[in-house]
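Working notes, beginning with the structure itself.
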Amino acid sequence: MQSNLVNFIQVLRTHDIRVSPAETLDAMDVTRTLGYADRSLLRDGLAMTLAKTPEEEAVFLQCFDRYFSQSLADFAGGEAAGDGTVADEDAASPGLDAGPEGAPSPVPAPLAEAAAGDPQLQALLEAPLMQALLQNDRNTLTLAMGRAAERVGLRQIQMFTQKGQFTRRMLDELGEEHIRQAVIELEKQESPALVEMQRYRDILREQVRDYVEREYLLHAGGRNQQFMDDILSRTRLNNIEHMYLHKVHELVRKMARKLASRHARRRRTFKRGQLDMGRTLRRGIPHDGVMFTAYWKKVRREKPQILAVCDVSGSVAAYAKFLLLFLYSLQDVLPRVRSFAFSSHLGEVSDLFVQHPVEKAIELVNWKYGGATDYGSSLLDFAALALDDINSNTTVIILGDARNNNGDPKLEILRSIYQRARQVIWLNPESRRAWGTGDSEMLRYQSACHFTAECNNLKQLERIVDQLLKSTR
Amino acid sequence: MKLENFPQLASVQQIEQGFESLGYICSPKIATAVFLAFQLRKPILVEGPPGVGKTELAKTTALLLETPLIRLQCYEGLDEAKALYEWKYGKQLLYTQVLKEKLGDLLHGAKDLAESVERLHQFGDIFYSEDFLEPRPLLKAMQQERGAILLIDEVDKSDYEFESLLLEILSDYQVSIPEIGTVKARTSPMVFLTSNNTRDISDALKRRCLHLYIPFPTVELEERIVRSRVPDVDEHLRHQLVEFVHSLRQLDLRKAPAISETIDWARSLLLLHADHLDEELVRSTLNVLLKFEDDIEAAGGELRKLLRPAAGD
């Protein structure tokens, strides 16, 4: 059972729950203290040591149920229908199952008759595998399958295409070929026992197929998830299929959290120069009032303020959705973010983000501010709304393609922002080569930015924002 | 070393019953956490929305075990001088003044400086001994003879550095004081940390703790809680009011009403001699449940819809 627990922890790890060796030891202690008798008790206990956030706990519960309830489907039901006897057993998990009583082997009559004249068939019927099938002994069968899975390395399964292959190998390992052989023999003899034998063969196949399927979900499910996340974060945002939107949402949120926690902690710095008189005096008392050590006033740094401006016009619609998503998440995790959106005119959307869930908020923003782009008047609006708040602690992020439909770019406003703010950052979804072509004003705006970058997938976005937070520290 | 054997903590069921007799109704999960914390000598990190009884859990455990509860309230800027220990500077100063003459006697007859210093060395660091140590909550918890319940409340409010300070205490139940050395706990205390999730607790700290998340209770559990806290409310009203609070939690509110608010509300309804919920009554007492103007407005609009399932029994 100990190795079982370790395997389970392995499964948790593939599902993105980080479990350290120390926690594994704790989990062992927990199982020793609680025992295996009470399933829900054990589940709660393990959850406390292995899952350390509510989100992890949800994943944990799912995995626990899947892993520890590998009960085999009760195939006694089919048999009962055949011979008219009632065999009823509750499905239970292998570790906790008491096991069926060792009833004498109820070999169906036709099979027994056929076996009487055939020593080979007789031997097969007495083999452990066939006995387990005949007696509906799910424990033995599960154990045998577990061993077979170990030998064929089922835990390595990664893609769903491997399922067939592994099923075949498992069957070979279990010794299914003998049953197959017997079926062929019986077929040749046109024996009445054929139907029975075929039925057992099918039961076995089905069980193994189920087993492989469950293992696939356990081991490959998590890995595929990671694979998927990786792909999604590298795909250009406008190419991501609509169906993956909710996945991206999760990803963006994760990313924003990660960034926020990485940068939130370094806000306090020492400021040399101002003596903390009280503290120095107090600390001097043990030295008879001689101030050996000087203590300096700690200054809480102004938390960086971020103003984010997002273009939501038609030309960048595909990107805007993600950028808004990112803004939304950022505002969730960082304390001082104000968000603005514009196309022909500009408005603050921070409150919308606070009041509504993400999909609703994005929809509202698009509906309110969508339209044709006019950077000039939008900058004017922005200046009217926020220019007074911009100071040396402010970072302004502009997300947009700088395509102004040949209107007045009002560069002087951006320049005044540039002079006041700590940083002006422009993220453009277009590739650098397209900047300045056609109606793009990017090259001109670039002159009034501290930093410009091309940004069209999540990886780039993460890197840029990481850099940005480092420098706003 | 270990907390002495408390029969009250012998099994999960016993803990549940013990808590219930003290008026703290809990789910089996919470009892399991306390049981494990006691058996494995591990701290519990309790998380959950405000008002679900995180602090109460530590208090009740202290009551159940009849051990002292030592509480450390965390806040930004909390440092080791306030949490762990400090030297009694006044006492040190006073003693040096008083003992000055004694010192003269002691050094009387010494030939030279070297000999005087030699004589002084024989006395060791008198002024940096335990007698001059002012224990703060964390150290105090280590010093209790019969063990104690240590409650580190709202650990998420403290600074990042403070968490690192806790690590030594939580994993080995000991404190290092540079002038004295390592102070080991006489009896390792049972530690509860609570967090409201305003920021993520570091992995290092989480790894050392059992993690217990207390969500809002189920209808059935909350009815039991109200029954034990406000026994005079009649059954029909109790069911109605708990149902109503649950439907409120489904709304998108800034702060959903917690258990403590449900209890307060039940008490106020009792004072108003209400025997069933109606729209007028709920509207006028809604401010007991909801603490934000926006929330009250939002819920006020939905009131009729919310009351229908609660009333239609």
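Protein chains in written order, with my numbering: chain A, 154 to 626; chain B, -11 to 301.
Don't be surprised by glycine CBs; every beta carbon is placed ideally from N, CA and C.
Just so we're clear, the structure is a prediction, and the values are computed from it rather than from any experiment.
- Within chain B, no residue has its beta carbon less than 8 Å from that of A/VAL443; the closest one is some 12 Å off.
- Per DSSP, A/ASN581 is one residue of the beta strand (DSSP E) stretching across 576 to 581.
- When the five nearest sequence neighbours on each side are left out, the beta carbons in the same chain lying within less than 6 Å of the beta carbon of A/ALA285 are those of THR293 and LEU294, in order along the chain.
- Under the Cβ criterion (8 Å, minimum of three pairs), the segment 271 to 278 of chain A counts as touching the segment 325 to 335 of chain A.
- Shown here for A/VAL172: same chain residues with a beta carbon closer than 7 Å to its own, the five before and five after excluded, namely ILE162, LEU165, ARG166 and LEU203 in chain order.
- Residue environment: B/TYR73 is assigned as buried (16 or more neighbouring CB atoms within 10 Å of its CB, all protein chains considered).
- For B/LYS194, the neighbours in chain A by C-beta distance under 8 Å run, in chain order, LYS205.
- When DSSP states are grouped into helix, strand and coil, A/PHE604 belongs to the strand group.
- C-alpha of A/GLY560 to C-alpha of A/SER497: approximately 11 Å in a straight line.
- With a contact defined as Cβ atoms closer than 8 Å, B/LEU52 and B/LEU10 qualify at about 6 Å.
- Interface annotation, B/TRP253: not in contact with chain A, CB-CB separation never under 8 Å.
- For B/TYR201, the residues of chain A that pass the 7 Å Cβ criterion are PRO207 and GLU210, in the order they occur in the chain.
- Interface with chain B (8 Å Cβ-Cβ cutoff): A/THR202 is included.
- Less than 8 Å separates the beta-carbon of B/SER146 from that of B/CYS62.
- Within the segment 52 to 82 of chain B, contact with chain A at the beta-carbon level (separation under 8 Å) is assigned to TRP75, TYR77, GLY78, GLN80 and LEU81.
- For the segment 161 to 181 of chain A, the set of residues with a beta-carbon nearer than 8 Å to any beta-carbon of chain B comprises ARG171, SER173, ALA175, GLU176 and ASP179, in chain order.
- Segment contact: the segment 17 to 33 of chain B against the segment 182 to 199 of chain B, three or more CB-CB distances shorter than 8 Å; contact assigned.
- Interface flag for A/PRO281 against chain B is unset, since no Cβ pair is found closer than 8 Å.
- A straight line joining the alpha-carbon of A/GLY553 with that of A/VAL507 spans about 23 Å.
- For the segment 4 to 21 of chain B, the set of residues with a beta-carbon nearer than 8 Å to any beta-carbon of chain A comprises PRO16, LYS17, THR20 and ALA21, in chain order.
- Closer than 8 Å to the CB of A/THR293 there is not a single CB belonging to chain B.
- The beta-carbon of B/LEU87 is placed no less than 8 Å from the nearest beta-carbon of chain A.
- In the structure shown, B/PRO123 adopts extended strand secondary structure according to DSSP, grouped into three states.
- By the CB criterion at 8 Å, A/LEU478 and A/CYS463 fall outside the cutoff.
- By the CB criterion at 8 Å, A/ASN558 and A/ASP534 fall outside the cutoff.
- At a cut-off of 8 Å between beta-carbon atoms, B/LEU28 makes contact with chain A.
- Beta-carbon to beta-carbon, A/ALA601 and A/VAL577 are separated by about 7 Å, close enough to satisfy the 8 Å threshold.
- Taking 4 residues as the shortest admissible run, the segment 193 to 218 of chain B contains the following complete alpha helix (DSSP H) segments, listed from N- to C-terminal end: 207 to 217.
- A distance below 6 Å between beta-carbons, with the five flanking residues on each side excluded, links A/ALA346 to the following residues of its chain, in chain order: PRO263, LEU264, ALA267 and LEU339.
- Using a Cβ-Cβ cut-off of 8 Å, A/ASP504 does not count as an interface residue toward chain B, since no Cβ of chain B sits closer than that to its own.
- A/GLU329 and B/GLU4 have their C-alpha atoms roughly 51 Å apart.
- Taking 4 residues as the minimum length, the alpha helix (DSSP H) runs contained wholly in the segment 425 to 501 of chain A are 430 to 437 and 470 to 486, in order along the chain.
- Annotation: the continuous alpha helix (DSSP H) that includes A/GLN351 extends over 347 to 368.
- When secondary structure is reduced to three states using DSSP, B/PHE(-6) falls in the coil class, being assigned neither helix nor strand.
- Taking all protein chains shown into account, B/LEU45 has 16 or more neighbouring C-beta atoms within 10 Å of its C-beta and is therefore buried.
- Judged by beta-carbon spacing, B/GLN162 lies beyond the 8 Å limit of B/PHE115, meaning their Cβ atoms are not closer than that value.
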